[in-house]
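>
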Amino acid sequence: MSSFLYSVGRRAFAARKTVLLIWLLVLAIAGGGAGLMNQGLDNNVSIPGTEAQNALERLSVTFPQTSGASAQVLTVAPQGVRDPAVRAEIDKTVRELENMDGVASVISPYQEDLGGSISDDGQAGIIMAQLEGQTQSIGQPTKDRIAQIAADLQDRLPEGAQASHGGPLFSTEIPGLSIVEALGLVIAIVVLVITLGSFLAAGMPLINALLGVGISTALIFLATAIWTINATTPLLSLMLGLAVGIDYALFIVSRHQQELAEGVSPQEAAARSTATAGSAVIFAGLTVMIALVGLGVAGIPFLTTMGIAAAVGVGIAVLVSVTLMPALLGFARNRIKAREPKKRAKRPFGERFFSGWVRAVTRFPIVTVVLVIGALGMATLPAAGLRLALPDSGALPKEDPARVTYERIAEHFPKGFNGPLIVTGNIVTSNDPLGLMNDLKGEIERLPGVADVPMATPNPTADTGIVQVVPEGAPDSEQTKQLVDELRSLRPHFQETYGVNLSVTGFTAIGIDVSAKLGEALLPFAVVVVGLSLILLTMVFRSIAVPIKATLGYLLSIGSSLGIVALVFQHGWLAEFFGVTRAGPVISFMPIVLMGVLFGLAMDYEVFLVTRMREEFVHTRDARGSVHRGFVSSAKVVTAAAVIMFAVFIAFVPEGDANLKPIALGLAVGVFVDAFIVRMMLVPAVLALLGDRAWWMPRKLDRVLPSFDVEGENLREEIELADWPSPGSDEAIACEGLRMADPSGGDPIYQDVGFLLPRQGIHVVRGTHESAISALLLTLSGRLKADGGRLKVLGYVLPARASSVRSRVAYVDVGEGGAESVRSALAEDPAVLVLDRTDRVSDPAARLEIRELLAGSRPTVLAGTTGLADVRDILPGAGTLTELRDDAEAMPNVLSGATR
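Residue 520 in this note's numbering sits at position 530 of the sequence shown; the count goes up by one each step and never skips.
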């Protein structure tokens, strides 16, 4: 990966104008397509397959007058809504609503036999308008017309009376952006200038992020031509794209400045920074993307779409970062070189600050660990009582007419009038549908938690019946949820007594089902995320303790962020400061989205911070010193990245969309806790406490597990070995000091192997043990990793470029396949042909055939033998020889980890 990115960086630097033009063209095409094909967003949340959703879909066929979106016009009059002057105006409003296109039915508050509602004090009455179609299919002109009719009613009512509109049709609004969100970018610019030292360097990450989010946002709106996309999706993608786009570019620019400071040319610096920091960016981005796509584990369509869209946004941010950034660095050349520090006795303030920080947290590491776990554990406690629900009109801004209507209804009616339930079932077998509905009404209104049953009626064809149930509690209350559970638990009773299978639906029931489904998905998603975390980090850090510590740290971060969200949004702490208009349950999909996104971001900080510590440990074997030096060298950039992400996320809280607010606050708190408390306090303390044991890993696992070169270590090795064994050398194989030991016992398999093999040359490896010869041949062909030494094959450094070597080097077990296997391998025209177990070919004719095949093609040949048969009669000419020491035991099991 690092070698590929090195090439990308060099080419993008050289072709900077072309790269910039291509990305601007992509933005223009995506933006133009979005403008032409955008079909609008949907702010409704539903899950196919739930009881409430299935029942609503059946009603749309059998009783369409009750299945569509509904709107309310509320009148509150001190003299009472039965006052003749007030009633006349309400009746006129009813007729105006009935004459509207798209309105299926209108129920006057005076039609109490049909569900009309007048408050017990007689001061409030509700006009119910049932529309044709669901909320997402109702156009803005219809909403505007209802709002205008309510405003006209207000103008006509006697002085002191009030009219307003609301209901489920107006319970959600398409979110937008405000100037407050831009404050996050302002803070990001300030942090970038301080970190990078110039406005030019600071502007690059911002350009990078804005271009990325522009493309990803345009693609989301373009996708509305095919799929239904929730209105929160583009904002979530925008928020994440800005945060990661700035941070990923920051890492590349910062590394570029370090390379320039060491005297590297601008193009070489851009290539190296793209290869090293770019590798970490790709790993971090893939981690975030996998976690976001993993939201599909829940099996909820709108959540899957949201996760995929956000993942695409992060993916575009990664692509732009590793291609556009080296191009922009090409435009800047040496102008963003960090200023030379003045000669002074004291170290720079940042270095002194972070040096003191890490000394403080590692001086008494057990104290730091206990304090951090205790504090974050306390912050997590409120999350245990976190309640989930879908937002209704009560979550809208206080001045919104639908919010005003919601609160007035709650003041004059039982709270359940803001979210009535619909109990429905097939009554086609009943001989007395009206009597049946009255019986069901009588039973249901006696249930605890039921405030009223204003309507129980069959449809015109008498095959479906509905019972409208008004709960005593608010739509998002635990009391209403318990009533829904109680009604569903009575299904066997109603089936046995009346012969009807009843279902509970309605806006409130759908919200309860969505919340339950999302709650059930949390555990499997958490298992997937935590399992993924352990595997990925084990691959990166080649350690057992570091991934476990990182995963436990992530759990502390997610727990504390959920706890703070519960305190603010559910219990009302600092609610006014954060612009929370009403304390109550949190949006249902917040926890699972927060878990997915924060997982990826947490792994980012873990990678960027701990890889430097591991690098120091590998070079010095000083466990405690490596923690200190690695922390000081990386803490500045990690701090800047965390502050930028925190600023971007927190800016979406005060004026943000009601659905996005808790997610944004959770991410802001999660980033702060994870970066500054978990990664910069808990991690150094734990690593200092563990010492050398922090980096221990079973050798067998180390061989089997794939490796991911996050910090570009392989690239550094390639650069170091560019002129080895000599400048301009072109050997087929060059090796020095190669060694491998048995992973279980540490006994040597081969050691101190070194030779030069020119192209089209012949070399023989001879030894006592067949398994040791095979292990060396597999190593030389890029199929097994040596424990140490230097190795280049066809100019490629191993093990860094093993895949390139394997595609050019053929490995043949000639002892098993004979001459035919050699013929098949030569047909692919390999640059190097490796022949293993040649002494097992006992037939002289077969050995002669192999010799003739080799003579006709003349590849570079590397053959292995135990010396039991003379290898010269199988090779087309004389060659050089390597003798393996015979003091090692035969270890055939070591070959099981080879890539064949």
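We put the beta carbon where it would ideally sit given N, CA and C, even for glycine.
Being a predicted model, the structure only gives us computed values, none of them experimental.
#1: Starting from the Cα of Glu806, find the closest Cα among Asp826, Ser793, Gly305, Arg798 and give me that residue.
#2: Apply the 10 Å Cβ neighbour rule to Gln560 and answer buried if 16 or more other Cβ atoms are within range, or exposed otherwise.
#3: Considering only DSSP beta bridges, list what Phe745 is partnered with.
#4: Please classify Pro148: does DSSP put it in a helix, a strand, or coil?
#5: For Glu839, I'd like the list of residues in its chain whose CB is within less than 6 Å of its CB, leaving aside the five on either flank, ordered along the chain.
#6: Could you give the distance in angstroms between the alpha-carbon of Val822 and the alpha-carbon of Ala722?
#7: Going by other Cβ atoms of all chains shown within 10 Å of its Cβ, with 16 needed for buried, is Ser467 buried or exposed?
#8: Are the CB atoms of Gly242 and Ser263 nearer to each other than 8 Å?
#9: Taking the beta carbon of Arg342 as the centre, do at least 16 other beta carbons fall within 10 Å, making it buried, or is it exposed?
#10: Can you list the alpha helix (DSSP H) stretches of 4 or more residues lying completely in the segment 353 to 399, in chain order?
#11: Look up Val799 in the DSSP assignment and say whether it is helix, strand or coil.
#12: Taking the C-alpha atoms as reference points, what is the distance between Ile634 and Ala20?
#13: The beta strand (DSSP E) that contains Asn416, what's its start and end?
#14: Take Pro537 and list the residues in its own chain whose beta-carbon comes closer than 6 Å to its own, dropping the five residues that flank it on each side.
#15: Is it the case that the Cβ atoms of Ile280 and Leu522 are separated by a distance below 8 Å?
#16: What are the start and end residues of the alpha helix (DSSP H) that includes Val812?
#17: Using 10 angstroms around the beta-carbon of Pro423, count the other beta-carbons present and answer buried if the total reaches 16, otherwise exposed.
#18: Is the Cβ-Cβ distance between Leu852 and Leu747 less than 8 Å?
#19: Which complete alpha helix (DSSP H) runs does the segment 773 to 797 hold, if anything under 4 residues is left out?
#20: As a quick exercise: from Leu588, Phe589, Leu591, Val617, pick the residue whose alpha carbon is nearest that of Thr601.
#21: Is DSSP giving Asn421 helix, strand or coil here?
#22: On the DSSP letters alone, give me the boundaries of the beta strand (DSSP E) that Glu873 sits inside.
#23: What does the alpha-carbon distance come out to for the pair Asp390 and Asn220?
#24: Would you grab the beta carbon distance between Ile139 and Thr83 for me? Rounded to a whole angstrom, and I think it's under 8 Å.
#25: Does the pairing of the segment 107 to 126 with the segment 58 to 66 give three or more beta-carbon distances under 8 Å?
#26: Identify whether Gly(-1) lies in helix, strand or coil by the three-state DSSP scheme.
#27: Are the beta-carbon atoms belonging to Thr56 and Gly92 less than 8 Å from one another?
#28: Starting from the Cα of Ser60, find the closest Cα among Val418, Gly(-1), Phe497 and give me that residue.
#29: Does DSSP classify Gly286 as helix, strand or coil?
#30: In whole angstroms, give me the CA-to-CA distance for Ala94 and Ala78.
#31: Can you list, in chain order, the residues of its chain whose CB lies under 7 Å from that of Leu557, leaving out five sequence neighbours each side?
#32: Sort His155, Ala379, His246 by Cα distance to Met315 and report the nearest one.
#33: Between the C-alpha atoms of Pro195 and Leu843, what's the straight-line distance to the nearest angstrom?
#34: Might you give, ordered along the chain, the residues of its own chain that have their beta carbon closer than 7 Å to the beta carbon of Ala322, omitting 5 neighbours on each side?
#35: Measuring CA to CA, which of Asn449, Leu276, Leu655 is closest to Gly569?
#36: Given a threshold of 16 other Cβ atoms within 10 Å of its Cβ, counted over all protein chains shown, does Val271 qualify as buried or as exposed?
Judging by the given coordinates:
#1: Looking only at Asp826, Ser793, Gly305, Arg798, the smallest Cα-Cα distance to Glu806 is reached by Asp826.
#2: In this structure Gln560 is buried. Its beta-carbon is surrounded by 16 or more other beta-carbon atoms within 10 angstroms.
#3: DSSP output for Phe745 lists Cys725 as bridge partner(s).
#4: Secondary structure at Pro148: coil, using DSSP grouped into helix, strand and coil.
#5: The residues are Ala809.
#6: Val822 and Ala722 have their C-alpha atoms roughly 8 Å apart.
#7: Buried.
#8: According to the sequence shown, residue 242 is Ile rather than Gly. In this structure, Ile242 sits near Ser263, with a CB-CB distance shorter than 8 Å.
#9: Label assigned to Arg342: exposed.
#10: 355 to 370, all fully within the segment 353 to 399.
#11: Strand.
#12: A straight-line Cα-Cα distance of about 27 Å links Ile634 and Ala20.
#13: Run containing Asn416: 411 to 416, per the beta strand (DSSP E) assignment.
#14: These residues qualify, in order along the chain: Leu524, Leu527, Thr528.
#15: In this structure, Leu522 lies closer than 8 Å to Ile280 by Cβ.
#16: That run of the alpha helix (DSSP H) goes 804 to 817.
#17: Buried, since its Cβ has 16 or more Cβ neighbours within 10 Å.
#18: It is a contact, given that the beta carbons lie within the stated cut-off.
#19: For the segment 773 to 797, whole alpha helix (DSSP H) runs of length 4 or above, ordered along the chain, are 792 to 796.
#20: Ranked by how close their Cα comes to the Cα of Thr601, the residues Leu588, Phe589, Leu591, Val617 have Val617 in first place.
#21: When secondary structure is reduced to three states using DSSP, Asn421 falls in the coil class, being assigned neither helix nor strand.
#22: Going by DSSP, Glu873 is part of the beta strand (DSSP E) stretching over 870 to 873.
#23: Going by the C-alpha atoms only, they are around 21 Å apart.
#24: That pair is a contact at about 6 Å.
#25: By the criterion of at least three beta-carbon pairs nearer than 8 Å, the segment 107 to 126 is in contact with the segment 58 to 66.
#26: Gly(-1) sits in a helix when the DSSP states are folded into three classes.
#27: Not closer than 8 Å, so no.
#28: Per the Cα distances, Phe497.
#29: Helix, per DSSP.
#30: Those two C-alpha atoms are separated by around 22 Å.
#31: Excluding residues up to 5 positions away in sequence, Pro372, Trp563 lie with their Cβ nearer than 7 Å to the Cβ of Leu557 in the same chain.
#32: Nearest Cα to Met315 within the set His155, Ala379, His246: His246.
#33: Straight-line Cα distance between these residues: approximately 58 Å.
#34: Beyond the five residues adjoining it in sequence on each side, Ala322 comes within less than 7 Å, by CB distance, of Leu190 in the same chain, given in chain order.
#35: Measuring from the Cα of Gly569, the nearest candidate turns out to be Leu655.
#36: Under this definition Val271 is a buried residue.
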